[in-house]
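In our numbering, the protein residues as written are 19 to 344. Notes follow once the structure below has been shown.
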Ligand code: GLU
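Structure (structure tokens):
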């Protein structure tokens, strides 16, 4: 199968940075990159980079290489060659097959308009932000959509009641929970346009790469329960999670490529790293590294690693894998 993931070097802690190549790194994405690198190094573990290019229409040609160059300019070098999700479709297909085989995933012919209509009919008001919870129109045992009805997405069934209440522990945010059926509903794992959904790709790859510690931006925290449920459905382990603070733009919203974040100025990588460290609570006055004249990048990174270790390694980590559907 193409896109096989190379053997890993140091068992123990394996972390990763998983950028979507929708543009170059910006101040916000460097925070996640640096934090995941520091966490892996502070554990004496391995750091991997995975290019999350499943949403091809949103990817910008060349952004993947640019991101890798930007990471290298900051001294953040992966311990194995990066992996591209666009080459791993066969692995996602296998996972989908297993879920369908276990009766946990089903084909769905609903359009967004169908979903909105079902909500309106039930008297629900559309939330201003966020997706509508899927009303379960195509969920078995309802009649499958007639053959030839397109488009057809694949959804994962989420349980209701106590089983649908997913508890998890975030190393920074503390105990978290989400009632999956009322917050999200049966969610898409393969899109109607044939593309693999982030949720499935990330879970399959984190498991295959042996990721033990996921460190990423806080905007993804509310995706975690979906991923934990998928891990349980596929019989995969749940890594430890740490979600980092977000960098906000002038409008108070999360800085993103979509809202015009400027690419990092890497004429001075130490400055960019220090800004990222400040967001992570590792400014010099908080026990983080101070930049001294002519300071080698490696020295700054070593000091930042010690500061990260003192702050985050050794307490309150991990989330216990729960039991999945049998
Ligand atoms: N590809 C996602 C992003 O760039 C990150 C996914 C993850 O870290 O789980 O926002």
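Virtual Cβ for every residue (Gly too), placed ideally from N, Cα, C. Predicted, not measured: the structure shown is a model, and the values here were computed from it.
Query raised in the report: With 16 other CB atoms within 10 Å as the buried threshold, where does residue 195 fall?
Result: When all chains shown are included, residue 195 counts as exposed.
Query raised in the report: Per DSSP, which one or two residues make a beta bridge with residue 266?
Result: Answer is 272.
Query raised in the report: Just the residues with CB closer than 6 Å to a heavy atom of the ligand GLU, in chain order, which are they?
Result: Spelled out in chain order, the answer is 36, 37, 38, 70, 220, 234 and 238.
Report task. For residue 46, count neighbouring C-beta atoms within 10 Å of its own C-beta (all shown protein chains included) and say buried if the count is 16 or more, exposed if not. Result -> Residue 46 comes out buried.
Report task. Compute the beta-carbon to beta-carbon distance between residue 33 and residue 58, rounded to the nearest angstrom, for a pair I have assumed lies under 8 Å. Result -> 4 Å between Cβ atoms; contact.
Query raised in the report: Quick one: what's got a C-beta closer than 7 Å to residue 335's C-beta in the same chain, skipping five residues either side?
Result: Model confidence at residue 335 stands at a pLDDT of 44, short of 50, so the residue's coordinates are unreliable and nothing is read from them.
Query raised in the report: Is the CB-CB distance between residue 172 and residue 243 below 8 Å?
Result: No, these two residues do not count as a Cβ contact at 8 Å.
Report task. Identify the continuous alpha helix (DSSP H) that holds residue 124 and give its terminal residues. Result -> Where residue 124 is concerned, there is no enclosing alpha helix (DSSP H), although the beta strand (DSSP E) it sits in stretches over 123–126.
Query raised in the report: Which one or two residues does DSSP pair with residue 173 in a beta bridge?
Result: Residue 173 is bridged to 124 and 206.
**Report entry** Residue closest to residue 267, alpha-carbon to alpha-carbon, out of 314, 280, 79 and 227
**Finding:** Checking every option, the nearest Cα to that of residue 267 belongs to 280.
Query raised in the report: What runs of the beta strand (DSSP E), each 3 residues or longer, lie entirely inside the segment 52–106?
Result: Whole beta strand (DSSP E) segments, 3+ residues: 64–69.
**Report entry** Distance between residue 286 and residue 344 (C-alpha atoms, nearest Å)
**Finding:** Annotation note: pLDDT 39 at residue 344 (below 50); position unreliable, coordinate value reported separately. In this structure, the straight-line span from the alpha carbon of residue 344 to that of residue 286 is close to 53 Å.
**Report entry** Three-state class that DSSP yields for residue 114 in the structure shown
**Finding:** Helix, per DSSP.
Query raised in the report: To which residues of the same chain is residue 126 closer than 6 Å at the C-beta, ignoring the five residues directly before and after it?
Result: In the same chain as residue 126, and ignoring 5 residues on each side of it, the C-beta atoms closer than 6 Å to its own belong to 156, 171 and 173, in chain order.
Query raised in the report: Using the rule of at least 16 other Cβ atoms within 10 Å of the residue's Cβ for burial, across every protein chain shown, is residue 149 buried or exposed?
Result: Classification of residue 149: exposed, given that the 10 Å Cβ count is below 16.
Requested in this report: Go ahead and pull the three-state DSSP assignment for residue 259.
Outcome: In the structure shown, residue 259 falls within a strand segment according to DSSP collapsed to helix, strand and coil.
Query raised in the report: Helix, strand or coil: which one does DSSP assign to residue 142?
Result: Looking at residue 142 - three-state DSSP - the assignment turns out to be coil, as it is neither helix nor strand.
Requested in this report: Please classify residue 47: does DSSP put it in a helix, a strand, or coil?
Outcome: In the structure shown, residue 47 sits in a helix (DSSP, three-state: H, G or I).
Report task. Could you tell me how far apart the beta carbons of residue 191 and residue 261 are, in whole angstroms, since I believe they sit closer than 8 Å? Result -> Contact flag correct, Cβ pair sits at about 6 Å.
Query raised in the report: Excluding sequence positions up to five away, which residues of its chain have a Cβ less than 7 Å from the Cβ of residue 56?
Result: Around residue 56: 322, 323 and 326.
Query - Proximity winner among 318, 319, 70 and 124, relative to residue 206 (alpha-carbon distances) - result: The residue with the shortest Cα to Cα distance from residue 206 is 124.
Query raised in the report: Would you report the Cα separation of residue 289 and residue 142, rounded to the nearest angstrom?
Result: One C-alpha to the other measures close to 49 Å.
Report task. Consult DSSP for residue 194 and reduce its assignment to one of helix, strand or coil. Result -> Correct three-state label for residue 194: strand.
Query raised in the report: Assuming residue 252 contacts residue 130 under a Cβ cut-off of 8 Å, what Cβ separation, rounded to an integer in Å, is found between them?
Result: Contact doesn't hold; Cβ gap of about 27 Å is too wide.
Query - For residue 34: DSSP bridge partner residues - result: Answer is 66 and 232, bridged to residue 34.
**Report entry** Per DSSP, the bridge partner or partners of residue 247
**Finding:** Answer by DSSP bridge pairing: none, since residue 247 is not bridged.
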